[in-house]
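Read in this note's numbering, the sequence shown has 108 at position 24, and its numbers run on one by one without any break. C-beta: ideal position from N, C-alpha, C; glycine also.
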Amino acid sequence: MEIIDKALAFEQRKHTFKTTSERIESSREVKALILSLNTIYKEDKDPEIMDLMKRLTVIKQKIEKRLKGRP
């Protein structure tokens, strides 16, 4: 369950990104984590994995909202 450990570490990390490239990298990283957790969830159907994916999705949405900027 190395992927779950990586996801938990990402969740605990401080999310202050100074540059746009840091935001893009973190957005891609969290997307990859969510997709890999999804493949695990398809096999196990563990509700804890689903909760972790939901929390990571919220973080990803905040990062992407900051990337897109305000209209």
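What is the C-beta distance between residue i and residue j, in whole angstroms, given that I count them as a contact (C-beta under 8 Å)?
i, j, result
"I87", "S110", "So it is not a contact: roughly 17 Å between Cβ atoms."
"E95", "L140", "6 Å"
"I118", "K102", "Not quite, the Cβ-Cβ distance comes to about 24 Å (not below 8 Å), so this is no contact."
Helix, strand or coil: which one does DSSP assign to residue i?
i, result
"M134", "helix"
"R166", "No answer is possible for residue 166: the residues shown for the chain start at 85 and end at 155."
"F94", "helix"
"T141", "helix"
The alpha helix (DSSP H) spanning residue i covers which residue range?
i, result
"K115", "T104 to D128"
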